[in-house]
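In what follows, a structure is listed as structure tokens, so that the remarks can point back to it.
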Amino acid sequence: MPHRIQFVSAAIGILILAAVFQLIRKNRLLEQYALLWIASAVLLLVVSVWRNLLEKLAAWAGIYYAPSALFLVAVFCGMVIAMHFSVVISQMKKQNHALAQEVALLRHEVDRMRKPGRGSNRAESAGKAGRRKPVQP
Amino acid sequence: MAAKRTKFGRGTHARGFPSVLAVVPAFNEAGAIAGVVRELRGVRPRVDVLVVNDGSLDNTAETAKRAGAWVVNLPFNLGIGGAVQTGFRFALDHGYDAAVQVDGDGQHIPAEIPALIAALKSTRADVVIGSRFLDEPQGYTTSPIRRIGVRVFTRVNSLVLGKKITDNTSGFRIFDRRALVFLSDHYPQDYPEPESVILLGRNGFVLEEIAVRMRERGSGKSSISTLRSIYYMVKVLLAIFIDVFKTPVEREG
Chain A
1 MPHRIQFVSA
11 AIGILILAAV
21 FQLIRKNRLL
31 EQYALLWIAS
41 AVLLLVVSVW
51 RNLLEKLAAW
61 AGIYYAPSAL
71 FLVAVFCGMV
81 IAMHFSVVIS
91 QMKKQNHALA
101 QEVALLRHEV
111 DRMRKPGRGS
121 NRAESAGKAG
131 RRKPVQP
Chain B
1 MAAKRTKFGR
11 GTHARGFPSV
21 LAVVPAFNEA
31 GAIAGVVREL
41 RGVRPRVDVL
51 VVNDGSLDNT
61 AETAKRAGAW
71 VVNLPFNLGI
81 GGAVQTGFRF
91 ALDHGYDAAV
101 QVDGDGQHIP
111 AEIPALIAAL
121 KSTRADVVIG
131 SRFLDEPQGY
141 TTSPIRRIGV
151 RVFTRVNSLV
161 LGKKITDNTS
171 GFRIFDRRAL
181 VFLSDHYPQD
191 YPEPESVILL
201 GRNGFVLEEI
211 AVRMRERGSG
221 KSSISTLRSI
231 YYMVKVLLAI
241 FIDVFKTPVE
251 REG
């Protein structure tokens, strides 16, 4: 006789899979970030259906009531996903900073080029190759 | 590096003086920035002045520009590290031999810059730090907690680097091109000064200090309040602790 929690967690697994599938199909989620979700949902599904595996896992982890091992699996998956996001956010923040710096520097160059003779010296337009160092007025 | 080059091989100034860019990070410094820029423009031999406006809400940018500085406007606030790094990238793009960091609040005295340049030229240092504590170890600091902080950083950084740096929190520093190339890719973002000492030291850069005077800052104007000092110290110490376990970055030349 299976526990009701097994049906519930299996349903949640299927729901996540369906949601991820739908999000990818509508171009709202990149496959790259969907992989962990799919892996988590499948893992949840497997341990929900395969009672024996869940019981072995629970025994190994010292959990007396096997179905509560399901929570452990779910929490673990959630933490892995959250950590993955933290890494991605850090990376994006770095790129974002580099972009902001590059935009600011380019903006400065553009402004100077737009008003020759003001804020930069005329010799600059003499056609020397590369970015020459301007002279401060 | 291909041919052996003197440190200031690309110097463009007369009498072999290196070309130096003063990088001034500024966040809401409309009150002080004009004075800082004017003082910097008065430095001889001359340095070019770049104010990096770090998303100020006041008219820091206009004030600085009117005082005769170049102004780079960051689209949003990056924090002091990101602002200074923008200046480093500018210096590299435009072929400067060295960049000197000067705070936008008037705490640093531009008249001391020639001494920093001279020290960079006469020693084999890549970075010269203007220190408040080299001559008088007690120096001035505004609060006991900050004095403790300064002492902790000195201890920790000495331990890690095997070389005593007396003023790890000083932002008054000059960097040669080699250091700029490195820092334009690796520069701590939030409170960069103490951590960058470790980063530079552990990556084979030579740091030196010279004694400089600094102006006292009104205690109300300090960018770091007492409570934040603790947060600041914990955060920077953690960063330094992790830096110790980082493998030095591969560098060419």
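Chains A and B supply the protein sequences, listed in that same order.
Each residue of the first sequence is one higher than the one before, counting from 1 in the numbering used here.
Each residue of the second sequence is one higher than the one before, counting from 1 in the numbering used here.
We put the CB at the ideal spot given by N, CA and C, even for glycine.
Tell me, which residues are paired with residue i by DSSP?
i              : result
S131 (chain B) : B:A211
V84 (chain B)  : DSSP output for V84 (chain B) lists no bridge partner at all.
R173 (chain B) : B:Q101 and B:I129
A26 (chain B)  : B:N53
H108 (chain B) : B:M214
W70 (chain B)  : B:L50
L21 (chain B)  : B:D48 and B:A99
Step through the CB atoms of chain A and report whether any lies within less than 7 Å of the CB of residue i.
i              : result
D54 (chain B)  : no
G9 (chain B)   : Residue placement at G9 (chain B) is flagged as unreliable, the pLDDT there being 41, under the threshold of 50; the coordinate-derived value follows with that caveat. Answer no: the Cβ-Cβ gap between G9 (chain B) and chain A never drops below 7 Å.
P75 (chain B)  : yes
L183 (chain B) : no
G81 (chain B)  : no
V84 (chain B)  : no
D258 (chain B) : The structure shown does not extend to residue 258 (chain B), since chain B is modelled only from 1 to 253, so the question has no answer here.
D167 (chain B) : no
L78 (chain B)  : yes
D48 (chain B)  : yes
V72 (chain B)  : yes
G220 (chain B) : For G220 (chain B), the predicted structure reports a pLDDT of 46, less than 50, and the residue's modelled location is therefore unreliable. A value from the coordinates is still provided. So no, G220 (chain B) is outside the interface.
K235 (chain B) : no
Report yes or no: is there a C-beta of chain B within less than 7 Å of the C-beta of residue i?
i              : result
Q101 (chain A) : yes
Q91 (chain A)  : no
L105 (chain A) : yes
Q95 (chain A)  : no
P2 (chain A)   : no
H84 (chain A)  : no
K128 (chain A) : Interpretation of K128 (chain A) is limited by its pLDDT of 41, a score under 50 that renders its predicted location unreliable; the figure taken from the coordinates is listed afterwards. Taking Cβ atoms only, chain B never reaches closer than 7 Å to K128 (chain A), which makes this a no.
Q22 (chain A)  : no
S32 (chain A)  : Sequence check: residue 32 (chain A) is Gln here, not Ser. Not closer than 7 Å to any Cβ of chain B, the Cβ of Q32 (chain A) fails to qualify, so no.
R114 (chain A) : no
Q136 (chain A) : yes
Nearest CA to the CA of residue i: which residue from the options?
i              : options                           : result
P45 (chain B)  : B:L116, B:V127 and B:V150         : B:L116
E259 (chain B) : B:V100, B:P75, B:I129 and B:D93   : Any answer about residue 259 (chain B) is impossible in this case: the structure gives chain B only from 1 up to 253.
D135 (chain B) : B:I145, B:D167, B:R124 and B:G104 : B:D167
A18 (chain A)  : A:W37, A:R4, A:H3 and A:I5        : A:W37
I174 (chain B) : B:G35, B:F88 and B:H186           : B:F88
G106 (chain B) : B:P192, B:N203, B:A26 and B:P248  : B:A26
S46 (chain A)  : A:A100, A:R112, A:A10 and A:K93   : In the sequence as presented, Ser is not what sits at residue 46 (chain A); that position holds Val. Minimum Cα distance to V46 (chain A) is reached at A:A10.
G171 (chain B) : B:S19, B:V23 and B:Y231           : B:V23
I109 (chain B) : B:K246, B:V43, B:V197 and B:D190  : B:V43
D111 (chain A) : B:W70, B:A30, B:D54 and B:N157    : B:W70
Y33 (chain A)  : A:S86, A:V135, A:V103 and A:K56   : A:S86
S163 (chain A) : A:I89, A:F71 and A:G62            : Nothing in the structure corresponds to residue 163 (chain A), since chain A is present only between 1 and 137.
D126 (chain B) : B:T60, B:P188, B:V197 and B:D93   : B:V197
L47 (chain B)  : B:I240, B:A179, B:S19 and B:R178  : The question names Leu, yet the displayed sequence has Val at residue 47 (chain B). Here the closest residue by C-alpha is B:S19.
R51 (chain A)  : A:A61, A:A69, A:A39 and A:L35     : A:A69
V244 (chain B) : B:V181, B:L161 and B:L207         : B:L161
G104 (chain B) : B:V51, B:G149, B:D97 and B:R151   : B:V51
A39 (chain A)  : A:V103, A:A59, A:I16 and A:L57    : A:I16
L105 (chain A) : B:N157, B:H94 and B:P192          : B:H94
N203 (chain B) : B:Q189, B:F182 and B:V212         : B:F182
V249 (chain B) : B:I80, B:R66, B:H186 and B:A211   : B:H186
Any C-beta of chain A within less than 9 Å: which residues of the segment 86-107 of chain B qualify?
Listed by position along the chain: T86, R89, F90, D93, H94, G95 and Y96.
Any alpha helix (DSSP H) of 4 or more consecutive residues that is wholly inside the segment 84-111 of chain A:
Entirely contained in the segment 84-111 of chain A, not one alpha helix (DSSP H) run reaches 4 residues.
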